[in-house]
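S.K.: Questions regarding the structure given below will be posed in turn.
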Amino acid sequence: MRQVETFQSRARTPGPARLSITSVAFADGSTIPRRHTADGDDLSPRLTLGAPPAGTASFALVCEDPDAPSGLFTHWIAWNIDPATRDLPEGIPTTAPHGIRQGENGFGDTGWRGPSPPRGRPHRYVFRVIALDAPLDLESGANRSAFDRAIEGHALAEGKLIGMYGR
């Protein structure tokens, strides 16, 4: 099983600054409901974000599968989420509201694409919220490499929520 990499090493705060991220759809470590997967309605889950540390200018969000056969697989990246946001609703559209921008997922689309693992052992889906000290200067549709470069040196804190899904 691959280790789950974090953005913590990039954080500028001493020690492991943590944020809260939860979902009413599933608890940490439990199964993601079918409606949020490629086998269901493929809707992004509702997420609740905790209060960010001082100096936070925006949030970024990532959902990735570290158990994918091809290596780390991105299901969702979003950025420039207002730091006052505490609730991200279910089913965020490709053209997200309130200045939120979304990037290219591993399927080559922009926005959320839910779990679609091969048959066999369930995969982990790691949802990360990252508090940033600045908004990201990236256009919607940017790829994961561009996102990772843009976030470098700007992470103040991070939280994660892990959901499971298998076929």
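Take any residue in the sequence shown, note its place counting from 1, add 8, and you have its number in the numbering used here.
Quick reminder that beta carbons are idealized off the backbone N, C-alpha and C, glycines included.
It should be emphasised that the depicted structure is a prediction, and the values quoted were computed from it without experimental measurement.
Is residue 155 closer than 8 angstroms to residue 71 when the C-beta atoms are compared?
M.R.: The residue given as residue 71 occupies position 63 in the sequence shown. The residue given as residue 155 occupies position 147 in the sequence shown. Contact: no.
S.K.: What are the boundary residues of the beta strand (DSSP E) that residue 135 is part of?
M.R.: Taking the first residue of the sequence shown as 1, we reach residue 135 at position 127. Start and end: 131-140.
S.K.: Using DSSP bridges, identify the partner residues of residue 165.
M.R.: Here residue 165 refers to the residue found at position 157 when the sequence shown is read from its first residue. Residue 165 is bridged to 139.
S.K.: Can you list, in chain order, the residues of its chain with a C-beta nearer than 6 angstroms to that of residue 111? Leave out the 5 residues immediately preceding and following it.
M.R.: Numbered from 1 along the sequence shown, position 103 holds the residue referred to as residue 111. For residue 111, where only same-chain residues beyond five positions count, the Cβ hits under 6 angstroms are 85, 150 and 155.
S.K.: In three-state DSSP terms, what is residue 115?
M.R.: Counting from 1 along the sequence shown, the entry for residue 115 is found at position 107. If DSSP states are grouped into helix, strand and coil, residue 115 belongs with coil.
S.K.: Could you tell me which residues DSSP pairs with residue 109 in its beta bridges?
M.R.: Here residue 109 refers to the residue found at position 101 when the sequence shown is read from its first residue. Partner(s): 87.
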